[in-house]
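Since the structure comes first, as structure tokens, the remarks are kept for the end.
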Amino acid sequence: MFVQLNERVILNLARITRIKIDEVEDGIRVRFYEGTQQVAKSRAFESVDLAKAWLKEVMENKAF
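Numbers in our numbering are just positions in the sequence shown, counted from 1, shifted up by 51.
Encoded structure:
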């Protein structure tokens with residue numbers, strides 16, 4: 052199953068083993084991993100709640 056993260060990134064969810072909401076220098080980001088390797092990350096969010104809402108929206112609006 053594929054989802055479109057933004058206008059340039061389409062992610063194969065069948066290969067994703069972990070999704071992590073992480074606080075970094077420039078804000079909160081959602082990170083996607085295949086095993087131990089990070090394969091994609093979201094834009095920066097101001098709060099964890101906004102990041103969770105974005106992730107829920109992306110997962111519900113499967114593009115492919």
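Backbone N, C-alpha and C define an ideal beta-carbon position, used for all residues, glycine too.
Given the structure is predicted, the values throughout are model-derived calculations rather than measurements.
### DSSP-derived helix/strand/coil call for residue 66
Counting from one through the sequence shown, the residue named residue 66 turns up at place 15. Reduced to three states, the DSSP call for residue 66 is helix.
#### Entry: Per-residue burial, residue 98 [other beta carbons within 10 Å of its own, 16 or more giving buried]
Taking the sequence shown and counting its residues from 1, the one referred to as residue 98 is at position 47. With fewer than 16 Cβ atoms within 10 Å of its Cβ, residue 98 is classed as exposed.
### Task
Report the partner residues of residue 59 according to the DSSP bridge assignment.
Here residue 59 is taken as the residue at index 8 of the sequence shown, counted from 1. Residue 59 pairs with nothing; no bridge assigned.
#### Entry: Distance between residue 57 and residue 188 (C-alpha atoms, nearest Å)
With the chain represented from 52 up to 115, any question about residue 188 goes unanswered, as that position is not in the structure.
### Task
Following the continuous alpha helix (DSSP H) through residue 85, name the residue where it begins and the one where it ends.
Stepping through the sequence shown from its first residue, residue 85 is reached at position 34. For residue 85, no alpha helix (DSSP H) encloses it; the enclosing beta strand (DSSP E) starts and ends at 78-85.
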